[in-house]
Amino acid sequence: NAGVMQNPRHLVRRRGQEARLRCSPMKGHSHVYWYRQLPEEGLKFMVYLQKENIIDESGMPKERFSAEFPKEGPSILRIQQVVRGDSAAYFCASSGIRAGVRNEQFFGPGTRLTVL
Amino acid sequence: KQEVTQIPAALSVPEGENLVLNCSFTDSAIYNLQWFRQDPGKGLTSLLLIQSSQREQTSGRLNASLDKSSGRSTLYIAASQPGDSATYLCAVSLGAQKLVFGQGTRLTINP
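Okay, here's the thing in structure tokens:
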């Protein structure tokens, strides 16, 4: 049973380009979370999605950032017109939620974005 | 607003010692609390999860306790080994949704 998969593991972009980060949740999980870890800072929640729905995007910057989790395929975190301040590690987590079952989040290895 | 604090920020101990890492949170209305381990440049590994109705969880040499009323959790590591060196993160969830993380404790076990 493969864990949470993220690709690419490392991504280098120049200022103004677009970055697309992909996340495939664990088998059987339908809930995906994105977190960002800036250099020397803790992990911060960005967005929580279920299939075809954004449930909570309270941690997403208002501009340039978007996320989706389509019916088929991985979840995508998209950053348009990247700036140097977007350089960070972006982690995806997934969970399976059923009544009476604990909501444990499992994390992927992360995508390290470097903006030149 | 939920805030999570971990003390100490860094800890260095000789191999074989037992140690305790501390985590405190400001809002006691949590759904659960998770302890993670993060190795440099790597992702997070879930160590233990404590539901809000539980007082502790154990896995091998690790024991985590939870006191919701005082907003505290501790992670106890017995007979520490150099392989335990990593950053340990505490996170709480409000509802079955997002996690709020502490800044972590960077642990070094000296052979």
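Sequences listed follow chains A and B, in order. Note that this note's numbering numbers the first sequence so that position 45 is 40, with each residue one more than the last. If you count the second sequence from 1, you need to add 5 to reach this note's numbering. Positions of the beta carbon are idealized from the N, C-alpha and C atoms, including for glycine. Given the structure is predicted, the values throughout are model-derived calculations rather than measurements.
**Request:** Check whether the Cβ atoms of B/Ser17 and B/Thr113 sit closer than 7 Å, and answer yes or no.
**Result:** Against a cut-off of 7 Å, the Cβ pair of B/Thr113 and B/Ser17 comes out as a contact.
**Request:** Compare the C-alpha of B/Gln7 against each of B/Tyr81, B/Arg77, B/Glu20 and B/Gly88 and name the closest.
**Result:** Of the candidates B/Tyr81, B/Arg77, B/Glu20 and B/Gly88, the one whose C-alpha sits nearest the C-alpha of B/Gln7 is B/Arg77.
**Asked** Do B/Glu22 and B/Pro116 come within 7 Å of each other at the CB atom, strictly closer than that value?
**Response** no
**Message:** Applying the 10 Å Cβ sphere with the 16-neighbour rule, what's the burial state of A/Asn98?
**Reply:** buried
**Request:** Assuming A/Pro104 contacts B/Gly48 (C-beta within less than 8 Å), just tell me the rounded distance between them.
**Result:** 4 Å
**Item:** From B/Gly88, B/Gln102 and B/Thr110, residue whose alpha carbon lies closest to that of B/Leu94
**Value:** B/Thr110
**Request:** Please report how far the alpha carbon of A/Gln100 lies from the alpha carbon of B/Leu26, in whole angstroms.
**Result:** 21 Å
**Message:** According to DSSP, is A/Arg15 part of a helix, a strand, or is it coil?
**Reply:** strand
**Asked** Is the shortest distance between the beta-carbon of B/Gln108 and the beta-carbons of chain A less than 7 Å?
**Response** yes
**Prompt:** What does a CB cutoff of less than 6 Å around B/Ser29 pick up in its chain, not counting 5 residues either side in sequence?
**Reply:** Result list for B/Ser29: Thr10, Gly76 and Arg77, in chain order.
**Request:** Could you give the DSSP three-state label for A/Arg79: helix, strand or coil?
**Result:** Here A/Arg79 sits in helix by DSSP.
**Asked** Tell me which same chain residues have a C-beta within less than 8 Å of the C-beta of B/Leu104, skipping the five on either side of it?
**Response** Gln39, Ala96, Val97 and Ser98
**Prompt:** Given a threshold of 16 other Cβ atoms within 10 Å of its Cβ, counted over all protein chains shown, does B/Ala69 qualify as buried or as exposed?
**Reply:** Under this definition B/Ala69 is a buried residue.
**Request:** Would you kindly work out how many angstroms separate the C-alpha atoms of B/Ile55 and A/Asn2, rounded to a whole number?
**Result:** 30 Å
**Prompt:** Helix, strand or coil: how does DSSP classify B/Pro19 here?
**Reply:** B/Pro19 falls in the strand class under three-state DSSP.
**Request:** Note the first and the last residue of the continuous beta strand (DSSP E) segment covering A/Arg31.
**Result:** Unbroken beta strand (DSSP E) run through A/Arg31: His26 to Gln32.
**Prompt:** What's the gap between the Cα of A/Gln32 and the Cα of A/Tyr43?
**Reply:** 16 Å
**Request:** Starting from A/Phe60, follow the beta strand (DSSP E) in both directions and report where the run begins and ends.
**Result:** Phe60 to Glu63
**Prompt:** Of all Cβ atoms in chain C, is any one closer than 7 Å to the Cβ of B/Gln7?
**Reply:** Of the protein chains in the structure, A and B, none is chain C.
**Asked** If you draw a straight line from the C-alpha of B/Ser90 to the C-alpha of B/Gln59, how long is it?
**Response** Their Cα atoms are separated by approximately 27 Å.
**Message:** Run through chain A and tell me which residues come within less than 9 Å of B/Gln102, C-beta to C-beta.
**Reply:** Within 9 Å Cβ-Cβ: His26, Tyr28, Phe40, Tyr43, Ile50, Asp51 and Asn98.
**Request:** Could you check if A/His120 is buried or exposed, using at least 16 other CB atoms within 10 Å of its CB as the buried criterion?
**Result:** Examination of residue 120 of chain A is not possible in this model, given that chain A is present from -4 through 111 alone.
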